[in-house]
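Novice:
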Amino acid sequence: MTKSPDPTCMLDRPPRVLGLYVIRESDQWDLELFNAMREQTYLSHRAIAAVDAIRQVGLEPLRGDSFPVTLTDDVGVTTTTEVHVEVLRNGSTKARLFFFGGYWHLWSQASAASVGNDGVNAFTSILIEVIQRLRPFNLYAANFSRLIRSQPQGSRLAAAIEGNVDHLHAGTLRLTFVGPEGQVGFMMFSMFSLVASMERDWIVQRLMAGRISKWRRREWAFGKGTVPFGYELHPTTAELVVDESKRAQVREMMMILSKDAPPSQLARELDRAGITSMRKHRRLKEVVPVGGMSSTSALIDSMFAWAPLWCHGEYLFRVSNVFPGMEELAGVPIVRDPARPDDLGEMQMLYKVGVPDGGWAEPEVVQAFAEAAARHTRHLLEKRNRNDVRPLAEDVIAGSASPVAHNATLNAQHSRALDVQSQARRAAARSRRSVAALAGRRWRDGNWEYELFVAGTNLYTVVRWPARAGKRSDSRLALLEQSKEENR
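Per full-length UniProt numbering: the sequence shown ends with 488, consecutive numbering throughout.
(1) From the DSSP output, which residues share a beta bridge with A141?
(2) CB-CB under 7 Å to R200, same chain, minus the five flanking residues each way: which ones, in chain order?
(3) Excluding five sequence neighbours on each side, which residues of the same chain lie with their C-beta closer than 7 Å to the C-beta of G325?
(4) Could you check what DSSP says for T296 in three-state terms: helix, strand or coil?
(5) In whole angstroms, give me the CA-to-CA distance for A49 and M349.
(6) Considering only their Cβ atoms, is the gap separating F177 from G171 smaller than 8 Å?
(7) Return the chain-ordered list of same chain residues with a C-beta closer than 6 Å to the C-beta of A209, the five sequence neighbours on each side being excluded.
(8) Are the CB atoms of W104 and L20 nearer to each other than 8 Å?
(9) Do the CB positions of V319 and E286 come within less than 8 Å of each other?
(10) Rounded to whole angstroms, what is the Cα-Cα separation between residue 503 and R378?
(11) Does the distance from the CB of M303 to the CB of A273 come in under 8 Å?
(12) For D52, which residues of its own chain have a beta-carbon under 6 Å away from its beta-carbon, when the five flanking residues on both sides are left out?
(13) Report buried or exposed for R16, applying the criterion of at least 16 other Cβ atoms within 10 angstroms of its Cβ.
(14) Determine contact between the region 187 to 200 and the region 148 to 168, defined as no fewer than three beta-carbon pairs at a distance below 8 Å.
(15) Starting from the C-beta of L309, find all residues in its chain whose C-beta is less than 7 Å away, skip the five residues before and the five after it, and write them out in chain order.
(16) Mind checking which residues open and close the beta strand (DSSP E) that includes P68?
(17) Mapping the DSSP letters down to three states, classify T78 as helix, strand or coil.
(18) Please report the Cβ distance between V83 and S66, rounded to the nearest whole angstrom; I am assuming they are in contact, meaning their Cβ atoms lie under 8 Å.
(19) Would you grab the beta carbon distance between T93 and F123 for me? Rounded to a whole angstrom, and I think it's under 8 Å.
(20) If you scan the region 163 to 241 from start to end, which runs of the alpha helix (DSSP H) of 4 or more residues do you find wholly inside it?
(21) Roughly how many whole angstroms lie between the Cα atoms of R218 and T296?
(22) I'd like to check one pair, F100 with V69: are the Cβ atoms closer than 8 Å?
(23) Quick check on L127: buried or exposed, where buried means 16 or more other Cβ atoms within 10 Å of its Cβ?
(24) S108 by DSSP, collapsed to three states: which one?
What follows is the structure in structure tokens.
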């Protein structure tokens, strides 16, 4: 087995490289979308043996620091190369860079449009760094929007391309940046940057307008995805309505959350009270007891985030604005933080859902719960674990039964807005937990029985044995040997 050059070592690297393939998909959790984009990118170049070999390894480059690639040359000689992967980071955004057979590959699951407080997109910064470092003769992508989704970021990328890239291949589009056609190439690049940016803006604007329309029809903003405990979706109107049968449980929930106790203790008491999750379990596709949730702190944060709904029957739905200079959309004003001049702001839509006649509990119980939620919010803001709350819009203040409640608590959308460090830590933990939670699972399919073993991060195996063989051996080694024999 041979080894590819380590991407972190630049000493023996030529001044310029043959080509760089860029594969990007915005959704960092959806591997199916990323895999489809990967296939779309490489299929157009499968005539290049080294590129097709990378296509055939699937998603292996995402799973570790290196991976094997097998290549058969024209005379039938097969070689296996261990390809090293370099992880590039910019804030919480990551990309993976590796080299094989004369071509470099940059993979990333990140947005090409969202920007930080400095107005810079992290993926674009990584791409610029790689282009300036490798200076590829050819830059490849499935389509132009894989590289650019924002005109300002397109200007940054164009400056990096000048003098470093000769040709851009984006699907069937080919732009040349050198020679007599160079000026035309950059002119076309600017035009396509504008088109890609406008396309994304129209998509986002349509989605934002759709949320406003949904709110005006009184349809619940989160649909079936999140249904607060004590409420249910109306089967025909999709409105959120009160579930009277849960009045006693909601009252007990308020009393539990009003206690001054650690999250773990509160979670145990909520579990005994029969409180269930508001979102369906990813695997089971149904709500589960709160005792089965992995983070008790996140659970309590989420419960307090819904305090205005249980106390006053109201939920303030906040939608972040992404368009600088926009003052309103479809009649809904954009609210900004006056303390932050560069704040893009948000739209605020007040849902008035209601509570049972007489409320979920006695006034003193409701008041104690509201005060506990306000204390919890102040604690989170003091720790800087959440974004500050923007002021309320005038129509929200006029229409709300208790505007103070919305200012005093962080709603469910804020509760998911962790700081960058927490998001980075959680991203790695979620992938490990999704497999580890299945360890020891057994099932039967036809004449075979299966069991999943997890040996460590990214290391797992599925073992099978004939169901007709009766009681299986307790030796894991014996099962693994049997599985290997079957594979052979």
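Note that CB positions come from ideal geometry on N, CA and C, so glycine has one too. Every value quoted in this text rests on a predicted model; they were computed, and no experiment measured them.
Specialist: Once the coordinates are examined:
(1) In the DSSP output, where bridge partners are listed per residue, A141 has A170.
(2) A113 and R149
(3) none
(4) helix
(5) 54 Å
(6) no
(7) Taking A209 as the centre and dropping the five residues before and after it, the same chain places the C-beta of A330 closer than 6 Å to its C-beta, in chain order.
(8) yes
(9) no
(10) Any answer about residue 503 is impossible in this case: the structure gives the chain only from 1 up to 488.
(11) The answer is no: Cβ separation not under 8 Å.
(12) R46.
(13) exposed
(14) yes
(15) Closer than 7 Å at the Cβ level, and outside the excluded window around L309, lie P228, Y315 and V353.
(16) S66 to T72
(17) strand
(18) 6 Å
(19) 6 Å
(20) 182 to 216
(21) 32 Å
(22) yes
(23) L127 is classed as buried because its beta carbon has at least 16 other beta carbons within 10 Å across all chains shown.
(24) It is a strand residue.
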